[in-house]
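Scroll down for the structure; my scribbles are underneath it.
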Amino acid sequence: MINFIQQEIENDLKEGKYKNGILTRFPPEPNGYLHIGHAKSVCLNFGLANFNNGFCNLRFDDTNPTKEDIEYVDSIQEDIKWLGFDWGERKFFASDYFGKFYEYAVELIKRGLAYVDDLSAEEIKNYRGTLTEGGKESPCRNRSIEENLDLFERMKAGEFADGEKVLRAKIDMASPNINMRDPVIYRITRSHHHHTGDEWLIYPMYDFAHPLEDAIEGISHSICTLEFEDHRPFYDWLLDSLGFDINSRPRQIEFARLDLTNTITSKRKLRQLVEEKHVRGWDDPRMPTLSGLRRRGFTPAAIRDFCERIGVAKSNSLVDIAMLEHCVREDLNQNADRVMAVLNPLKVVLTNVTETEYLLAENHPARGGNRYVPFTREIFIEREDFMEDAPKKFFRLKPGGEVRLKYAYIIKCEEVIKDSEGNVVELHCTIDPTSKSGGATAGRKIKGTIHWVSAQHALKAEVRLYDYLLTTDEKGNLPEDFIGALNPKSLIVIENALIEPSVKLTAAGTHFQFLRLGYFVTDPDTTPEKLVFNRVVSLKDTWQKVRD
Ligand code: ATP
Ligand code: MG
Numbered sequence: 043m044i045n046f047i048q049q050e051i052e053n054d055l056k057e058g059k060y061k062n063g064i065l066t067r068f069p070p071e072p073n074g075y076l077h078i079g080h081a082k083s084v085c086l087n088f089g090l091a092n093f094n095n096g097f098c099n100l101r102f103d104d105t106n107p108t109k110e111d112i113e114y115v116d117s118i119q120e121d122i123k124w125l126g127f128d129w130g131e132r133k134f135f136a137s138d139y140f141g142k143f144y145e146y147a148v149e150l151i152k153r154g155l156a157y158v159d160d161l162s163a164e165e166i167k168n169y170r171g172t173l174t175e176g177g178k179e180s181p182c183r184n185r186s187i188e189e190n191l192d193l194f195e196r197m198k199a200g201e202f203a204d205g206e207k208v209l210r211a212k213i214d215m216a217s218p219n220i221n222m223r224d225p226v227i228y229r230i231t232r233s234h235h236h237h238t239g240d241e242w243l244i245y246p247m248y249d250f251a252h253p254l255e256d257a258i259e260g261i262s263h264s265i266c267t268l269e270f271e272d273h274r275p276f277y278d279w280l281l282d283s284l285g286f287d288i289n290s291r292p293r294q295i296e297f298a299r300l301d302l303t304n305t306i307t308s309k310r311k312l313r314q315l316v317e318e319k320h321v322r323g324w325d326d327p328r329m330p331t332l333s334g335l336r337r338r339g340f341t342p343a344a345i346r347d348f349c350e351r352i353g354v355a356k357s358n359s360l361v362d363i364a365m366l367e368h369c370v371r372e373d374l375n376q377n378a379d380r381v382m383a384v385l386n387p388l389k390v391v392l393t394n395v396t397e398t399e400y401l402l403a404e405n406h407p408a409r410g411g412n413r414y415v416p417f418t419r420e421i422f423i424e425r426e427d428f429m430e431d432a433p434k435k436f437f438r439l440k441p442g443g444e445v446r447l448k449y450a451y452i453i454k455c456e457e458v459i460k461d462s463e464g465n466v467v468e469l470h471c472t473i474d475p476t477s478k479s480g481g482a483t484a485g486r487k488i489k490g491t492i493h494w495v496s497a498q499h500a501l502k503a504e505v506r507l508y509d510y511l512l513t514t515d516e517k518g519n520l521p522e523d524f525i526g527a528l529n530p531k532s533l534i535v536i537e538n539a540l541i542e543p544s545v546k547l548t549a550a551g552t553h554f555q556f557l558r559l560g561y562f563v564t565d566p567d568t569t570p571e572k573l574v575f576n577r578v579v580s581l582k583d584t585w586q587k588v589r590d
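The sequence shown lines up with residues 43 to 590 when you count with this note's numbering.
Below is the structure:
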């Protein structure tokens, strides 16, 4: 693992810091499901810990009671395990530290570094100043330590209404960094917390709680996304002010968040898609959530590979989603068995076939393995593989033309049957009986090979084809009104696809390559009566093109 964060860790170790070893953490707020952006952070934090023989804590950053829920706590754990990482016994809840946060706040007051403010939220905002102008000090700023201790305790005891008072750090209202202008560190809010119930009426702000969570757990390197760079001075100020040793206290390092083309990586927007029912749920296969990607058939190995390849940088950039799809294809190409399926069936009667025959078919070009597929007088081919007025370069089936059926015979189209409206409903073909593997004319050169299934043996299946929820502009930016811009064709359901019979009794989450069509996975909606497949990705890899 070579990235700039690893370099920093090595420098710290060389300087004799962090004698207790390397400890990172992944700190999700349980207010939504994890998405592909979080996967980058999971891979990075667990990866750095493993590489340095250290550990990574899973810490639920649950200090904001209003939007959090136990459903998310459960899903987050499931998703991290699925990605292939293990926190062992190291699962923590920031809300378990509420008592300690309170004590640290009291300590700050005692050191003259925090005060209770009566200004309203609106007034605090107005006093804060701008990027170019310093802020104004609150009239409450110079309260005595005794008065602050008393007021803070009464905030905790519930003597004041929500929002009536706050606790602020006392730093510098003239600081060029707005985050250092006496930030609010505690507020009053009578909200039920999913972990601590109604025990607390005051809650710490994120910027105050996070460094303390890290310090309490003994984290060495606290890795976060770039937008926290301006918050680092407060992170350091707080830990220094409370007397944590510079050689062992946590150090914040920022990296560029993952942004992907065609992909929403805002939990708030993802929640909106779910709540307004634009998708079927958090695990809808079109969602970039890990549960959605899992249902879609993306594999943990492919996602880890992707996170490794995109690397870790110090400036934000947009990654093409084609690269993630490329990683998925590489994995499935190696690991998915090949089978035949027809999505848009056209019946073909092979007039010189009278008996069912079982033909040997290869399961995988590299891993090998074989199965027998039934070959019968009536088969189905893909409607698109036949063309009545075919151009010269059309090497599939046309009237009077020949094509090879995969694993079987060369067939010739003798007759096209149409309904009263002129639609092609059936083809009558003959086989060249000596053209199958091992036969006298097996080597006969035929340009096209198509897939097929036996009409009598094929299994019915529902197949769900997906496209991006959002299309992007040339620069890869998502549209402003993302709900209005949702792709109406992001899901196409094919009710009556046909699959070769070997796929019977397949557990949900089993991958296949449908020859010539793409990679598919069985959906959890599959029942003993009906197979349901999701298309994971098509076979066409556009990543090469993007790279060139
Ligand atoms: P919120 O706005 O709710 O805080 P969030 O996406 O930051 O949303 P968190 O639960 O706070 O969600 O994220 C957990 C961890 O994952 C954080 O350390 C965060 O920096 C990291 N993370 C979140 N989104 C991305 C992303 N797109 N790329 C890389 N890391 C991310
Ligand atoms: Mg966050």
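A virtual CB, placed ideally from N, CA and C, is assigned to each residue, including glycine.
Predicted, not measured: the structure shown is a model, and the values here were computed from it.
Buried or exposed (CB count within 10 angstroms, at least 16 for buried), residue i
| i | result |
| --- | --- |
| Thr305 | buried |
| Pro69 | buried |
| Lys435 | exposed |
| Phe46 | exposed |
| Phe575 | buried |
| Gly503 | Sequence check: residue 503 is Ala here, not Gly. Flag for Ala503 reads buried. |
| Lys61 | exposed |
| Tyr400 | exposed |
| Leu547 | exposed |
| Pro246 | buried |
| Thr341 | buried |
| Ile64 | buried |
| Thr483 | exposed |
| Tyr157 | buried |
| Ser137 | buried |
| Val370 | buried |
| Arg310 | exposed |
| Asp431 | exposed |
| Val415 | buried |
| Ala199 | exposed |
When the options are compared against residue i, the one with the closest alpha-carbon
| i | options | result |
| --- | --- | --- |
| Phe286 | Glu206, Pro521, Leu533, Ala257 | Ala257 |
| Asn92 | Ala527, Ala500, Ile51, Tyr114 | Ile51 |
| Leu540 | Pro475, Ser283, Ala497, Asn576 | Ala497 |
| Thr172 | Asn219, Gly141, Tyr414, Asp431 | Asn219 |
| Cys266 | Val578, Asp138, Pro530, Arg67 | Arg67 |
| Leu100 | Cys455, Lys478, Trp324, Ile261 | Ile261 |
| Cys349 | Arg338, Arg438, His368 | His368 |
| Gly334 | Asn94, Asp121, Glu372 | Asp121 |
| Asp523 | Leu512, Lys531, Asp282, Leu533 | Leu512 |
| Asn529 | Ser217, Asp509, Pro543 | Asp509 |
| Thr552 | Pro570, Leu374, Glu271, Arg291 | Leu374 |
| Lys489 | Val545, Arg438, Leu501 | Arg438 |
Proximal residues to residue i (C-beta, below 6 Å), its chain only, five neighbours per side dropped
| i | result |
| --- | --- |
| Pro107 | Ser233, His235 |
| Lys59 | Asn289 |
For residue i, three-class secondary structure by DSSP
| i | result |
| --- | --- |
| Phe286 | coil |
| Asp590 | Note that Asp590 scores a pLDDT of 49, beneath 50, so its modelled location is shaky; the value from the coordinates is reported in the next line. Coil at Asp590, not helix or strand. |
| Cys369 | helix |
| Gly490 | coil |
| His320 | coil |
| Ala251 | helix |
| Val495 | strand |
| Asp583 | coil |
| Arg351 | helix |
| Ile213 | coil |
| Leu280 | helix |
| Lys460 | strand |
| Leu312 | helix |
| Val148 | helix |
| Asp15 | As displayed, the chain neither begins before 43 nor continues past 590, which places residue 15 out of reach and without an answer. |
Contacting residues, own chain, Cβ-Cβ under 8 Å from residue i (five flanking each side not counted)
| i | result |
| --- | --- |
| Asp461 | Val467 |
| Gly411 | Asp379, Glu404, Asn405 |
| Gly154 | Ile187, Lys212 |
| Leu312 | Gly74, Tyr75, His77, Ile306, Trp324, Met329, Pro330, Thr331 |
Check: residue i C-beta below 7 Å from any heavy atom of the ligand ZN
| i | result |
| --- | --- |
| Pro70 | What this structure holds is the ligand ATP and the ligand MG, not the ligand ZN. |
Contacting residues, own chain, Cβ-Cβ under 7 Å from residue i (five flanking each side not counted)
| i | result |
| --- | --- |
| Val321 | Leu315, Arg328, Met329 |
| Lys487 | none |
Given 8 Å, three or more beta-carbon pairs between the region 180-193 and the region 226-240: With a cut-off of 8 Å, the region 226-240 and the region 180-193 do not count as touching, because too few Cβ pairs lie within range.
When the Cβ atoms of the region 116-126 are set against those of the region 77-92, are three or more pairs found closer than 8 Å? Contact annotation: the region 116-126 touches the region 77-92, with at least three C-beta pairs closer than 8 Å.
If you pair each beta-carbon of the region 301-321 with each one of the region 349-364, do three or more pairs fall below 8 Å? Short answer: they touch.
Contact between the region 383-392 and the region 524-540: three or more CB pairs below 8 Å? In short, these stretches touch, since the Cβ pair count reaches three.
The region 392-399 touching the region 472-483, judged by at least three CB pairs closer than 8 Å: The region 392-399 vs the region 472-483: in contact.
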